[in-house]
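Written below as structure tokens is the structure these notes are about.
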Ligand code: PMP
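In full-length UniProt numbering, the protein residues as written are 1 to 393.
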């Protein structure tokens, strides 16, 4: 039986990690994997998380099962950050913990499928797992172009998708810090998107994986809040893996917003049943650490300060790249200064990407996606010179 299985293509990013590790050039640059890096290339554990973990070691008195909804204290502690002052939307909103943002997206797609959604409209390029999850659940992905060639979001395309999806369909949007383009909707775009959802009745699935890494915690979810204020129902997927640096601990949450509060328990019971069949219960440790941070004023402040440092560093890297636009004409670097988060796409071909790797020790995804956090003041000049070399400017 098992011999019938055909080999799946190797994960290109994982192959890149191996190639980077095997490269002994001292000035190699890793722009591949999507994790935050400090100036020295490290991806450290947040100071506030370290302290919270210590609290857990000292105080946690049981690791008995919790249930498919996970740590409800974690789920509710996050809500004011995501949803603002009226965090439960007058009792219309309920959440559960998931294994990472991936688990939340999986639940959103499976729950939409269970509710009768047959197509989900989504912008491309996107985080590759979006399409894979849709395929795995058996929902058709209907794609539209996310970005314009000038490095802005194609708002007409998303408005068209919301209209086309209509009352039976769903539209999946990145809440902020779009992966892989870094191109987010403007406030005016979000206004139009919210109005379109309200007019055409399609279900918003909002995926927030990088809150706080763009312009600020509130700023990064202003668009999502605008949509939620306009629509009767929505599904929200959330990851703490970047903004709390918890990647391998798999910390996420899934929220369901119902038209009326008395509909919530039936909706949540479906999500619970899906979670039970998928992973039964989410891993506890990371969610418990986030809850511990958010319930302690001092630790919360430390977390916010560290997040501010990360965001400021990425804005500096982006500003440096934008300032180098004239040295590498045609790559659109000027736009990177206005984009957000860890990622940007450079219009490089396969040959140029290979030459960056082989001739210069610069590692990036074959799609042209770079992780801007792999750059700093010290290595940016080398990166720009290498770009100039491969594009022949
Ligand atoms: N959504 C998007 C847009 C992402 O980029 C990612 C992570 N790369 C996720 C969801 C999932 O994040 P997690 O690692 O928490 O599963």
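The beta carbon of each residue, even a glycine, is placed where N, CA and C say it ideally should be.
Note that the structure is predicted; figures quoted are calculated from it, not measured.
beta-carbon residue i near the ligand PMP non-hydrogen atom, thresh 6 angstroms
i: residue 241; result: yes
i: residue 279; result: no
i: residue 209; result: yes
i: residue 179; result: yes
i: residue 127; result: yes
i: residue 152; result: no
i: residue 374; result: no
i: residue 182; result: no
i: residue 287; result: no
i: residue 186; result: no
i: residue 102; result: yes
i: residue 70; result: no
i: residue 34; result: yes
i: residue 168; result: no
i: residue 366; result: no
i: residue 252; result: yes
Alpha-carbon to alpha-carbon, residue j and residue i
i: residue 115; j: residue 86; result: 27 angstroms
i: residue 319; j: residue 224; result: 26 angstroms
i: residue 155; j: residue 312; result: 27 angstroms
i: residue 377; j: residue 153; result: 28 angstroms
i: residue 95; j: residue 131; result: 24 angstroms
i: residue 189; j: residue 59; result: 47 angstroms
i: residue 362; j: residue 381; result: 13 angstroms
i: residue 65; j: residue 283; result: 10 angstroms
i: residue 48; j: residue 293; result: 7 angstroms
i: residue 163; j: residue 321; result: 37 angstroms
i: residue 181; j: residue 105; result: 19 angstroms
i: residue 83; j: residue 221; result: 8 angstroms
i: residue 326; j: residue 392; result: 13 angstroms
i: residue 192; j: residue 218; result: 19 angstroms
i: residue 171; j: residue 297; result: 37 angstroms
i: residue 390; j: residue 355; result: 7 angstroms
i: residue 41; j: residue 375; result: 8 angstroms
i: residue 173; j: residue 134; result: 14 angstroms
i: residue 199; j: residue 12; result: 41 angstroms
i: residue 253; j: residue 110; result: 15 angstroms
i: residue 307; j: residue 51; result: 16 angstroms
i: residue 331; j: residue 245; result: 30 angstroms
i: residue 88; j: residue 57; result: 31 angstroms
i: residue 101; j: residue 197; result: 23 angstroms
i: residue 403; j: residue 333; result: Only positions 1 to 393 of the chain appear in the structure, and residue 403 is not among them; the question remains open.
i: residue 270; j: residue 231; result: 21 angstroms
i: residue 53; j: residue 107; result: 28 angstroms
i: residue 369; j: residue 235; result: 28 angstroms
i: residue 264; j: residue 353; result: 49 angstroms
Cβ neighbour criterion (16 or more within 10 Å) applied to residue i
i: residue 24; result: exposed
i: residue 140; result: exposed
i: residue 371; result: buried
i: residue 351; result: exposed
i: residue 239; result: buried
i: residue 1; result: exposed
i: residue 136; result: exposed
i: residue 357; result: buried
i: residue 302; result: buried
i: residue 125; result: buried
i: residue 243; result: buried
i: residue 149; result: exposed
i: residue 277; result: exposed
i: residue 98; result: buried
i: residue 340; result: buried
i: residue 119; result: buried
i: residue 259; result: exposed
i: residue 187; result: exposed
Beta bridge counterpart(s) of residue i as assigned by DSSP
i: residue 97; result: 253
i: residue 371; result: 343
i: residue 119; result: 140
i: residue 204; result: 171
i: residue 237; result: 207 and 254
i: residue 124; result: 145
i: residue 30; result: 363
i: residue 153; result: 147
Cβ-heavy atom distance, residue i to the ligand NAP, below 6 angstroms
i: residue 178; result: Ligands in the displayed structure: the ligand PMP; the ligand NAP is not one of them.
Rounded distance between the beta-carbons of residue j and residue i, thought under 8 angstroms
i: residue 176; j: residue 205; result: The Cβ separation is near 15 angstroms, so there is no contact.
i: residue 310; j: residue 213; result: 7 angstroms
i: residue 291; j: residue 77; result: 5 angstroms
i: residue 61; j: residue 288; result: Residue 61 to residue 288, Cβ: 12 angstroms. No contact.
i: residue 32; j: residue 365; result: 6 angstroms
i: residue 203; j: residue 112; result: 6 angstroms
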